Amino acid sequence: MDRFVIRGGKKLSGILNVSGAKNASLALMPAAILASGKSVLHNTPKLNDVFTMEKLLIQLGAECEFTDEVIKIDTSGINNFTAPYEHVKKMRASVYVLGPLLGRFGRAKVSMPGGCAWGPRPINLHLEGLKKMGAEIELEEGYIVAKASKLQGANIYFDISSVGATGNLLMAAVLARGTTVINNAAIEPEIGNLAEYLLKMGARIEGINTPVLTIEGVTELHPAEIETIPDRIEAGTLLTAAAITGGSIGLTNIKQMLVKAVLLKLEDSGCSIDEQNGILKISDTEKLLATNITTSVFPGFPTDMQAQWTALMSLSEGVSQVTDTIYTDRFKHIPELIRLGADISVSENVATIRGVKKLKGAKVMSTDLRASASLVLAGLAAEGITEVLRVYHLDRGYQKIEEKLRSLGAEIERVEGTEF
Ligand code: EPU
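Counting in our numbering, the sequence shown runs from 1 upward without gaps.
Here is the structure:
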C-alpha cells in the first residue's frame with residue numbers, strides 16, 4: 001500500500017485548476033444507462049471511484065472510452081442488471097445504478113451496501129421511494145432485488161434530505177409513468193448537474209436546485225453531452241491547505257457559490273479571499289483564529305470538509321467547535337491528528353479543538369477519504385516528516401493530489417510499498 005511522505009513547513013503558492021466533481025461524476029455516469037447509445041461526459045476526474053463506476057458500467061454491458069477528462073459511455077449493449085458485492089463494497093455510490101436500471105429495464109440486483117468507516121449509512125430512503133413508485137423489492141443473500149414492469153409516478157417525501165436518494169429516485173422517475181414529486185429533495189449542486197444532464201437527455205423536470213423536484217415521466221430518453229461541475233470539496237481542501245501553511249494560492253475552474261460556506265468561514269478565521277479574472281485567491285494568513293463550524297446540507301458547511309477544517313483549527317488561536325450534523329460519528333481522523341500534537345476532544349457529534357502553536361510530524365493512518373485529506377493538511381503544516389499511510393483512500397476521491405500539492409510548492413512524495 002502506498003504512503004505519502006511529507007516534509008512540513010512549506011507555504012503553498014501558485015495557481016491550480018480544480019478538477020471535475022467526483023460526486024457529480026458518480027451520478028452522471030450511471031444516468032447514462034437511461035438512454036441507449038453513446039453519452040459524453042466532459043471534465044470527468046481521473047480518480048479511483050470514477051474508475052470503479054466505469055468498471056461497473058462495463059460489467060453491465062456498457063462500453064466506456066475514457067481519454068483525457070472525457071468519458072464516453074455507450075449503453076446500447078447493456079445486458080446484465082447486477083451490481084456485484086465486489087463493486088459495492090469498494091464504493092457505496094455503486095447503488096446509483098439501481099434507479100436507472102429499474103427505470104429503463106424494469107429490473108436490478110444490487111448488493112446491499114454495508115456500513116462505512118464512520119457509521120451505518122443506510123439506504124432506506126432509496127428503497128422506500130422506489131417501493132412507492134411500484135417497485136417490488138426483496139433482500140436476497142445480501143442483494144437488493146428490485147423489479148417493476150413499469151414504475152409509476154409517486155409523491156415522495158424524505159424525512160432527511162439525502163443526496164443519494166434524491167439522485168436515485170430522480171433517475172428512476174424520468175422514465176416512470178406519470179408525475180413524481182420529490183419533496184425535501186437534496187439541493188447539492190451535484191444533483192443540479194445530474195438534473196441538467198437528464199434534461200439534455202429529454203427528461204421533463206421542474207424545480208431543479210430547489211427542494212421540490214417535479215418529474216413528468218417520458219417514454220424514452222436519448223444520449224447527451226454534459227460538462228461535469230467543478231469539485232467543490234477538492235477546491236475547499238486546497239484552500240484549506242493554503243490556509244494551514246500560511247500560503248497564498250489561486251484556483252481556476254471554480255465558482256464562489258459552490259464553496260461559499262467554506263470561503264466565509266476562512267474569512268472568519270482570518271484569511272483573505274478575493275476573486276480576480278476568474279481566479280479565486282486565498283492570501284497568506286498571519287494568524288488563524290478559532291472558528292466554529294456546523295455541517296449541514298448545501299449551502300451549509302459540507303460534512304466532506306469537516307475533517308480538513310478540524311486540522312486547520314488545530315493550529316488556530318483559541319478554542320473552536322466542529323459539529324457534524326450529517327454524520328455524527330465522522331471523527332476517525334481525530335486520534336490521528338492527536339498523534340501529530342493536536343489538542344482535540346470529542347463528545348457525541350462535537351469536536352472541541354484547543355489550538356496549539358505547532359504540530360509535529362509522525363506516522364499516521366488514513367481511515368477514509370476526507371480523514372486522509374485532513375492528515376495530509378496537518379502534515380503540510382507540521383514540523384518535520386509526516387507519513388500518511390494507506391493513501392488509497394485519497395486516491396478514491398482526489399485526482400493526483402500529491403502532484404497538485406507539489407505544483408504549489410509542497411514537499412510531498414508518494415512511496416509505493418507494502419507498509420500497512
Ligand atoms: N440517510 C438515511 N437514509 C438513506 C440515505 C441517507 O438515513 O436512505 C442519511 C445518512 O445516513 C446521512 C444523511 O442521510 O446521515 C445524508 O446522507 P446522503 O444520502 O445525503 O449521503 P450519500 O448520498 O450517501 C453523498 C456523498 C458523500 C457526502 C454525502 C453528504 C456521493 C457519492 N457521496 O453521500 O460524499 O458526504 O452525500 O453530503 O455523492 C465523500 O465524497 O467523501 C462523501 C462521503
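Note that CB positions come from ideal geometry on N, CA and C, so glycine has one too. In this text the structure is predicted, and so the values were computed from the model without any measurement.
| Asked | Found |
| --- | --- |
| Nearest residue (CA-CA) to Gln-399, options Tyr-157, Val-350, Lys-131, Thr-237 | Thr-237 |
| Cβ contact check for the segment 327-343 and the segment 251-264: 3 or more pairs under 8 Å | no |
| Per-residue burial, Tyr-96 [other beta carbons within 10 Å of its own, 16 or more giving buried] | buried |
| Chain-order list of residues whose beta-carbon lies under 8 Å from that of Ile-15 (same chain, five-residue window excluded) | Ile-249, Gly-250, Leu-251, Thr-252, Ile-279 |
| Where the beta strand (DSSP E) through Gln-308 begins and ends | First-last for Gln-308: 306-313, but that is the alpha helix (DSSP H), not the beta strand (DSSP E). |
| Close beta carbons around Leu-258, own chain, < 8 Å, minus the five adjacent residues each side | Pro-189, Ile-229, Pro-230, Arg-232, Ala-235 |
| Neighbourhood of Pro-299 by C-beta distance below 7 Å, restricted to the same chain and skipping five residues each side | Lys-260, Ala-261 |
| Where His-222 falls, given that 16 or more other Cβ within 10 Å makes a residue buried | exposed |
| Ile-215 and Val-163 closer than 8 Å at C-beta | no |
| Option in Leu-408, Pro-113, Leu-98 with minimal Cα separation from Arg-107 | Leu-98 |
| Candidates Asn-193, Ala-165, Ala-241: closest to Asn-183 by CA position | Ala-165 |
| Residue closest to Ser-269, alpha-carbon to alpha-carbon, out of Glu-317, Ala-241, Gln-308, Gln-276 | Glu-317 |
| Cβ-Cβ distance between Asp-159 and Ala-93 below 8 Å | no |
| First and last residue of the uninterrupted beta strand (DSSP E) at Ala-146 | 143-147 |
| Rounded distance between the beta-carbons of Leu-359 and Ala-378, thought under 8 Å | 6 Å |
| Beta-carbon separation (whole angstroms), Lys-202 vs Val-218, contact threshold 8 Å | With the sequence shown as reference, residue 202 is identified as Gly, and Lys is not the correct amino acid for it. So it is a contact: roughly 6 Å between Cβ atoms. |
| For Thr-82, three-class secondary structure by DSSP | strand |
| Any non-hydrogen atom of the ligand EPU within 7 Å of Arg-92 CB | yes |
| Proximal residues to Leu-375 (C-beta, below 6 Å), its chain only, five neighbours per side dropped | Glu-336, Val-364, Val-388 |
| Close-in-space but distant-in-sequence residues of the same chain around Gly-246 (CB under 6 Å, 5 per side omitted) | Lys-11, Asp-284, Thr-285 |
| Exposure of Leu-194, with buried meaning 16 or more beta-carbon neighbours within 10 Å | buried |
| Pro-299 in three-state terms, based on DSSP | coil |
| Close beta carbons around Glu-63, own chain, < 6 Å, minus the five adjacent residues each side | Asp-74 |
| Between the CA atoms of Lys-131 and Thr-52 - distance to the nearest angstrom | 27 Å |
| Residue(s) in a DSSP beta bridge with Phe-331 | In the DSSP output, where bridge partners are listed per residue, Phe-331 has none listed. |
| Gly-164: CB within 7 Å of a non-hydrogen atom of the ligand EPU | yes |
| For Thr-75, the three-state DSSP class (helix, strand or coil) | coil |
| Cβ pair Ala-290, Ser-320 closer than 8 Å | yes |
| CB contact flag (Glu-196, Ile-226, <8 Å) | yes |
| N-terminal and C-terminal residue of the beta strand (DSSP E) that Gly-250 is part of | 248-252 |
| Close-in-space but distant-in-sequence residues of the same chain around Arg-121 (CB under 6 Å, 5 per side omitted) | none |
| Limits of the alpha helix (DSSP H) - the one that Arg-406 falls within | 401-407 |
| Beta carbon of Thr-44 nearer than 8 Å to that of Gly-20 | yes |
| Local conformation of Thr-352 per DSSP, three classes | strand |
| Helix, strand or coil at His-222 according to DSSP, with G and I counted as helix | coil |
| Element boundaries [alpha helix (DSSP H), containing Arg-396] | 392-397 |
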